[in-house]
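Let me begin by presenting the structure, written as structure tokens, before commenting on it.
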Amino acid sequence: MELTATQLASMVNGTVDGDGDVKVSTFAKIEEGHPGALSFLANPKYTHFIYDTESSVVLVKRDFEPEHPVKATLIRVDDPYATVAMLLTMVEKMTAVSRTGIEQPCFIAPGATVDETDTYIGAFSYISPGAVISRGAKIYPQVYIGDGVTVGPDTIIYPGAKIYKGCRIGARCIIHSGVVIGADGFGFAPLPDGSYEKIPQTGIVAIDDDVEVGANTTIDRAMMGATHIGKGAKLDNLIQIAHNCAVGPDTVMAAQAGVAGSTKIGARCMIGGQVGIVGHSSVADGTQIGAQSGISRSTRPGDRLMGSPAVDAVEYARNLVYVKKLGSLYDRVAALEKSMK
493 MELTATQLAS MVNGTVDGDG DVKVSTFAKI EEGHPGALSF LANPKYTHFI
543 YDTESSVVLV KRDFEPEHPV KATLIRVDDP YATVAMLLTM VEKMTAVSRT
593 GIEQPCFIAP GATVDETDTY IGAFSYISPG AVISRGAKIY PQVYIGDGVT
643 VGPDTIIYPG AKIYKGCRIG ARCIIHSGVV IGADGFGFAP LPDGSYEKIP
693 QTGIVAIDDD VEVGANTTID RAMMGATHIG KGAKLDNLIQ IAHNCAVGPD
743 TVMAAQAGVA GSTKIGARCM IGGQVGIVGH SSVADGTQIG AQSGISRSTR
793 PGDRLMGSPA VDAVEYARNL VYVKKLGSLY DRVAALEKSM K
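Sequential numbering from 493 applies to the sequence shown in the working numbering.
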């Protein structure tokens, strides 16, 4: 679909700065722009690309003031990143292939309940006894749904995901390929002879509405009760959530983060990639944790932490400056000692 800059601006409540008649029909990153493409500028690190980009239209903040001439037509909006996300969502909905029906071969056990209204069950999927698949759910090929699992309305489960027995998944969730929900938590009791006895994991995983779980992420079932993922939480690829953890509403976690058992993470937290969080701790609402940080204690509301063990982000940045100077400081002290001798 082809739109003019003026038409786009009217859709996103933006203001045109430049040729309103220029047309776009696709998206491109600002550094890879080409004629006919729409790009956006949200991160100041990419500002220099706007002066050379070949994109026809670029979304910018309303207060953006270029330091040099810009060839592209600008559309000024409140939030370029949110605006391009909205436009991409619109395009995805218009171009998406809607799958419905039950493909063969697949297995739906006696005693499973499948509401077939706008529902899709892909070939080679397995639906166990007592499972409930709600209207509009999309179960792609080679998905395993265990005994008594509940899948909410309009939830999408992509190929190869495994949902173990008893787990509950809410409405409008997205579960990507390779996800395992409800595997046993890591619970073993040490014995006098040095061996370990497995502790039965009798709980479930409960996932609220509008959660997205990235590829190959694992969420372990609780020993008792439920491992809980709150409404609107977004988990990236390759994350480990251990047994009896709770992740609060609208919290986001980047790839390779690991959360040890019985940890409670609050609402609206932002957790960077490769963060490790110690077990039986509490991460307060609104906590922000930088990539590769190690959390060894509970946090306070609104904390911004970095490092391992994690400290306040400002303190971490100051300490990092000191660490970079250690080599020259050592040389100065050695020279001073030598001169004193």
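All C-beta atoms, glycine included, are put in the ideal place defined by N, C-alpha and C.
All figures in this text were calculated on a predicted structure; none of them were measured in a lab.
Whole-number beta carbon distance between residue j and residue i, since they are thought to touch under 8 Å
i: ALA746; j: ALA783; result: 7 Å
i: ASP639; j: LYS657; result: 4 Å
i: ARG792; j: GLN780; result: That pair is no contact at about 12 Å.
i: PRO572; j: ALA520; result: Actually they do not touch by this definition, with Cβ atoms about 14 Å apart.
i: LYS726; j: GLU704; result: 5 Å
i: HIS560; j: SER547; result: Not confirmed; about 16 Å, so no contact.
i: GLY753; j: ASN729; result: Not a contact, Cβ separation roughly 21 Å.
i: ILE522; j: THR545; result: 5 Å
i: ARG713; j: GLY771; result: No, ARG713 and GLY771 are not in contact; Cβ-Cβ is about 16 Å, not under 8 Å.
i: HIS715; j: ILE691; result: Correcting the residue identity first, residue 715 is Met in this sequence and not His. Correct: roughly 6 Å between the Cβ atoms.
i: GLY510; j: THR498; result: The pair is not a contact, with the Cβ atoms about 10 Å apart (cut-off 8 Å).
i: SER648; j: ILE637; result: The amino acid occupying residue 648 in the given sequence is Ile; Ser does not appear at that position. Not a contact, Cβ separation roughly 13 Å.
i: GLY794; j: GLY778; result: 5 Å
Nonlocal neighbours in the same chain, by C-beta distance under 6 Å from residue i, ignoring five residues either side
i: LYS756; result: ALA738 and SER774
i: GLY750; result: GLN732 and GLY768
i: HIS864; result: For the chain, the structure presents residues 493 to 833; residue 864 sits outside this window and is missing.
i: VAL671; result: ALA653, VAL705 and THR709
i: MET762; result: VAL744 and GLN780
i: PRO478; result: The first residue shown for the chain is 493 and the last is 833, placing residue 478 beyond what the model contains.
i: VAL624; result: THR605 and THR642
i: LEU530; result: VAL516, PHE519 and VAL549
i: MET798; result: GLY782, SER785, ALA805 and TYR808
i: ALA707; result: HIS668, SER669, GLY670 and ASN729
i: VAL504; result: VAL569 and THR575
i: ASN811; result: none
Close-in-space but distant-in-sequence residues of the same chain around residue i (CB under 8 Å, 5 per side omitted)
i: ILE600; result: ILE594, VAL606, ILE613 and ILE619
i: PRO651; result: GLY614, TYR632, PRO633, GLN634, VAL635 and SER669
i: GLY603; result: PRO621 and GLY622
i: GLY506; result: LEU500, LEU551, ILE567, ARG568, VAL569 and THR575
i: PRO597; result: ALA615 and PHE616
i: MET578; result: VAL504
i: PHE556; result: LEU533, LEU566 and ARG568
Residues sharing a beta bridge with residue i, DSSP
i: GLN732; result: THR710 and GLY750
i: THR834; result: In the structure as shown, the chain starts at 493 and stops at 833, and residue 834 therefore has no counterpart that could be examined.
i: ILE619; result: ILE600 and ILE637
i: ILE625; result: VAL606 and VAL643
i: ALA509; result: Looking at the sequence shown, residue 509 is not Ala but Asp. DSSP lists LEU566 as partners of ASP509.
i: ILE613; result: ILE594 and ILE631
i: ALA492; result: The requested residue 492 does not occur in the structure, where the chain is confined to residues 493 to 833.
i: LYS726; result: GLU704 and VAL744
i: ALA738; result: HIS720 and LYS756
Chain-order list of residues whose beta-carbon lies under 7 Å from that of residue i (same chain, five-residue window excluded)
i: GLN766; result: GLN748, ALA749, ALA783 and GLN784
i: VAL562; result: ILE542 and TYR543
i: GLU689; result: PHE680, ALA681 and LEU683
i: THR587; result: none
i: ASP610; result: THR592, ARG627 and GLY628
i: TYR814; result: none
i: GLY786; result: GLY768, SER800, PRO801 and ALA802
i: ALA908; result: Because the chain here runs from 493 to 833, residue 908 falls outside it and cannot be looked at.
Any non-hydrogen atom of the ligand NAD within 7 Å of residue i CB
i: LEU818; result: Among the components modelled here there is no ligand, and therefore nothing to report on the ligand NAD.
Worksheet item: Which runs of the beta strand (DSSP E) fall wholly inside the segment 632-720 and span at least 3 residues, in chain order?
Response: 672-675, 680-682, 688-690, 696-699 and 710-712
Count the C-beta pairs between the segment 561-574 and the segment 539-552 that are closer than 8 Å, then say yes if the count reaches three, no if not. yes
Assess contact between the segment 676-692 and the segment 637-649, defined as three or more Cβ pairs (one per stretch) separated by less than 8 Å. Is contact present? no
Can you find at least 3 beta carbon pairs, one from the segment 661-680 and one from the segment 692-707, that sit closer than 8 Å? yes
Fill in: Every unbroken alpha helix (DSSP H) within the segment 754-831, with a cutoff of 4 residues, ordered by chain
805-816
Ordered list of beta strand (DSSP E) runs contained in the segment 531-602, each at least 3 residues
549-553 and 565-569
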